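One structure is given here, and the rest of the page talks about it.
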Amino acid sequence: MESQWGDGGSVDLDDTRLEELSPQPLLTRDYETRPALVYERLRQQHGPVAPVDLLGVPAWLVLGYREALQVLQDNDGFPKGLENWRARSEGRVPADWPLGPSLEVNHILIQGGPGYRPLRTAWDVALKPFQDPRHPQAKRLKAAVTAYADELITLVGQGGKTGVADLSAQFSRPLPLMVASHLLGFPGSQGDDALMDMWRVLDAGPDAEAALERLLATLAELAATKLAKPGDDFPSYLLAAHPDLSLDHLARELFMLLGMTSDHVGILISNTVVEVISGEGSVRASLSAGMVREAMNRSVMRKPPLVNFVPRFAVEDTPLGNYTIRAGDPVWVSSAAAHADPLFADHVASGTTISTRAHLSWGAGPRQCPARELASTVAAAGVGRLFERFDYLDLALPADQLPWRSSPFMRGLRSLPVRYELSAAPARPSADGPAPEAAEEVLPDPSARQRSSLWRYLTGLIRGGR
Numbered sequence: 372m373e374s375q376w377g378d379g380g381s382v383d384l385d386d387t388r389l390e391e392l393s394p395q396p397l398l399t400r401d402y403e404t405r406p407a408l409v410y411e412r413l414r415q416q417h418g419p420v421a422p423v424d425l426l427g428v429p430a431w432l433v434l435g436y437r438e439a440l441q442v443l444q445d446n447d448g449f450p451k452g453l454e455n456w457r458a459r460s461e462g463r464v465p466a467d468w469p470l471g472p473s474l475e476v477n478h479i480l481i482q483g484g485p486g487y488r489p490l491r492t493a494w495d496v497a498l499k500p501f502q503d504p505r506h507p508q509a510k511r512l513k514a515a516v517t518a519y520a521d522e523l524i525t526l527v528g529q530g531g532k533t534g535v536a537d538l539s540a541q542f543s544r545p546l547p548l549m550v551a552s553h554l555l556g557f558p559g560s561q562g563d564d565a566l567m568d569m570w571r572v573l574d575a576g577p578d579a580e581a582a583l584e585r586l587l588a589t590l591a592e593l594a595a596t597k598l599a600k601p602g603d604d605f606p607s608y609l610l611a612a613h614p615d616l617s618l619d620h621l622a623r624e625l626f627m628l629l630g631m632t633s634d635h636v637g638i639l640i641s642n643t644v645v646e647v648i649s650g651e652g653s654v655r656a657s658l659s660a661g662m663v664r665e666a667m668n669r670s671v672m673r674k675p676p677l678v679n680f681v682p683r684f685a686v687e688d689t690p691l692g693n694y695t696i697r698a699g700d701p702v703w704v705s706s707a708a709a710h711a712d713p714l715f716a717d718h719v720a721s722g723t724t725i726s727t728r729a730h731l732s733w734g735a736g737p738r739q740c741p742a743r744e745l746a747s748t749v750a751a752a753g754v755g756r757l758f759e760r761f762d763y764l765d766l767a768l769p770a771d772q773l774p775w776r777s778s779p780f781m782r783g784l785r786s787l788p789v790r791y792e793l794s795a796a797p798a799r800p801s802a803d804g805p806a807p808e809a810a811e812e813v814l815p816d817p818s819a820r821q822r823s824s825l826w827r828y829l830t831g832l833i834r835g836g837r
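Take 372 as the starting number for the sequence shown in our numbering and just add one per residue.
Put into structure tokens, the structure is as follows:
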């Protein structure tokens, strides 16, 4: 057999089975520090699809942009759902595989089979009030983002009108968590303990397992509360759209929303700030012309937060790149590698609006992220408010020395140290921003906020930096 790729020339397909290829480990020290070079070496050796070893489990990694679209857009030929994984059904995936826990939780991002369609429909219905700008909930959400952003920026200012701050720990990471708490309908600041536990889970430290148990218990309790007394929030809307959803399943969906919103959006905010600060002067000037989303799009084209999507599985033997993907083989699409594919990147004109519309940061095809508009709105509002409230922001380290953290799925900054100068007085929201009374509605009682674990942590960062 032959396949067509590259400049249109034909190459012979390699029919060797995945388990016979002895692929090289992907998650190495090189991948942690220089993933682009790892992707490029794989591309040079294997073409647009490469066999890799993921912590002892072989898989296909899709590096080519065209091949990535082929997989993402063909949900029938490459569905999700671990039940489609041949090696797993044959007992060849170790029970203690480190990536197992994150993939075994059956929620909207992982689920395949007949249960997916009604769940996705319910998600779309439940998210619509928050993503449709004409809906009151969407307006309240925008008010919440601005209000929480102002809270965090004002807290940074307690360290001095000028100074050095870690915008990752003090802004980019807590902001989407606070907005997620608003979406989930936690009353007042009661969700702050859950947000801190979500942070511990994402950081995968020694207390992550205990934090996960507490978090799932808290979310199950919240789900039971919404079932008994629905509100104007995401879990209540999801239950209304999918009445057959069990409380355990609802808790898993809330966990996914909380985790993906916080990590993905937090990374997007930090990366966009770096894009603006380290870019040409016209980049920051464009923000005042309402071009925040364009800066975000340039950022995700170069550094997508979600670098590798959760696996899909070939339904039947399928030619892809230079190999034959066997039925049941796991296929991981790398958006980061696809964006760097010379056959795609060389035809992208940098700095233009058209060039940034083709990124894969939210996926593609029928399983494109259902919350992409919500996440973009939160990130854009947060970034916009930062540059309204600060007269001066600059990196405290050279851009090439910023510390990164990598995982099989996400890649983001460990910290974002900046030198800042705060505006003399808070800038008023733009004309289409929230009215003051709308912003006040979403803020918890000040004394309750000060008692919360999240606020104590953030206040400790300010004191520790003095």
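Beta carbons are placed, not taken as given, at the ideal position from N, Cα and C, and that holds for glycine.
Here the structure is a predicted model, which means the values were calculated and not measured.
Over the uninterrupted alpha helix (DSSP H) stretch that includes residue i, give me the two end residues.
i: ARG623; result: 618–649
i: LEU586; result: 579–599
i: GLU403; result: 400–404
i: GLU792; result: That residue, GLU792, is in no alpha helix (DSSP H); its beta strand (DSSP E) goes 788–793.
i: ALA751; result: 743–760
i: PRO713; result: 713–716
i: PRO472; result: 471–475
i: PRO606; result: 605–612
i: VAL686; result: It is not in any alpha helix (DSSP H) - VAL686 carries neither H nor E in the DSSP assignment.
i: GLU438; result: 436–444
Would you call residue i buried or exposed, if buried means 16 or more other Cβ atoms sit within 10 Å of its Cβ?
i: HIS553; result: buried
i: ARG756; result: buried
i: ASP563; result: buried
i: PRO489; result: exposed
i: GLU391; result: exposed
i: SER470; result: The question names Ser, but residue 470 is Leu in the sequence shown. Classification of LEU470: buried, given that the 10 Å Cβ count is 16 or more.
i: GLY418; result: buried
i: ARG827; result: exposed
i: THR525; result: exposed
i: LEU825; result: buried
i: LYS600; result: exposed
i: LYS532; result: exposed
i: PRO701; result: buried
i: ASP619; result: exposed
i: THR387; result: exposed
i: ALA582; result: buried
Nearest to residue i by CA position, among the options, is which residue?
i: ARG849; options: ASP603, ALA594 and ALA565; result: Outside the modelled stretch of the chain, which goes from 372 to 837, sits residue 849, for which no answer is possible.
i: GLY484; options: LYS451, ALA515 and PRO429; result: LYS451
i: PRO614; options: LEU538, VAL704, ALA497 and GLY528; result: ALA497
i: GLU792; options: LEU757, LEU764, PRO469 and ALA520; result: LEU764
i: ARG782; options: GLU522, SER393, ALA752 and ARG673; result: ARG673
i: GLU438; options: ALA421, LEU426 and PRO429; result: ALA421
i: PHE501; options: TYR608, ARG459 and SER706; result: TYR608
i: VAL442; options: ASP717, VAL535, HIS417 and VAL704; result: VAL704
i: LEU616; options: ILE640, PRO472, ALA591 and ALA582; result: ALA591
i: SER393; options: ARG400, LEU384, GLU403 and TRP431; result: TRP431
i: ALA752; options: ASN668, VAL409, VAL516 and TYR436; result: VAL516
i: ALA509; options: PRO788, PHE780 and SER747; result: SER747
i: GLN739; options: LEU526, ASN446 and VAL433; result: ASN446
i: ASP688; options: PRO682, VAL678 and GLY699; result: GLY699
i: TYR519; options: SER778, SER824, VAL749 and VAL645; result: VAL749
i: ASP495; options: PRO601, LEU745 and ARG760; result: LEU745
i: SER778; options: ARG412, SER473 and GLN415; result: SER473
i: ARG743; options: THR632, MET569 and LEU691; result: THR632
i: ASP717; options: TYR436, LEU546, ASP401 and GLN416; result: TYR436
i: ARG790; options: PRO713, PHE761 and PHE780; result: PHE761
i: LEU389; options: ARG463, GLY736 and GLN772; result: ARG463
Hey, residue i and residue j are a contact pair by Cβ (cut 8 Å); roughly how many whole angstroms apart?
i: ALA622; j: LEU587; result: 6 Å
i: PHE680; j: ASN455; result: Their Cβ separation, rounded to whole angstroms, is 15 Å, which puts PHE680 and ASN455 out of contact at 8 Å.
i: ASP424; j: PRO396; result: 5 Å
i: LEU787; j: SER732; result: The Cβ separation is near 19 Å, so there is no contact.
i: PRO606; j: LEU555; result: 6 Å
i: LEU593; j: PHE557; result: 7 Å
i: LEU413; j: ASN693; result: Actually they do not touch by this definition, with Cβ atoms about 12 Å apart.
Which two residues bound the contiguous beta strand (DSSP E) that contains residue i?
i: THR689; result: 689–691
i: ARG776; result: 775–777
i: GLY783; result: 782–784
i: LEU425; result: 420–425
i: ALA430; result: 428–433
i: VAL671; result: From DSSP, VAL671 is part of no beta strand (DSSP E) but of the alpha helix (DSSP H) over 663–673.
i: VAL464; result: It is not in any beta strand (DSSP E) - VAL464 carries neither H nor E in the DSSP assignment.
i: VAL704; result: 701–704
i: ILE696; result: 694–696
Can you determine whether any heavy atom of the ligand GTP sits closer than 6 Å to the C-beta of residue i, and answer yes or no?
i: SER539; result: Absence of the ligand GTP from the depicted structure is noted, as is the absence of any ligand whatsoever, leaving it without description.
Complete beta strand (DSSP E) runs within the segment 501–547 (minimum length 3 residues, chain order): 533–537
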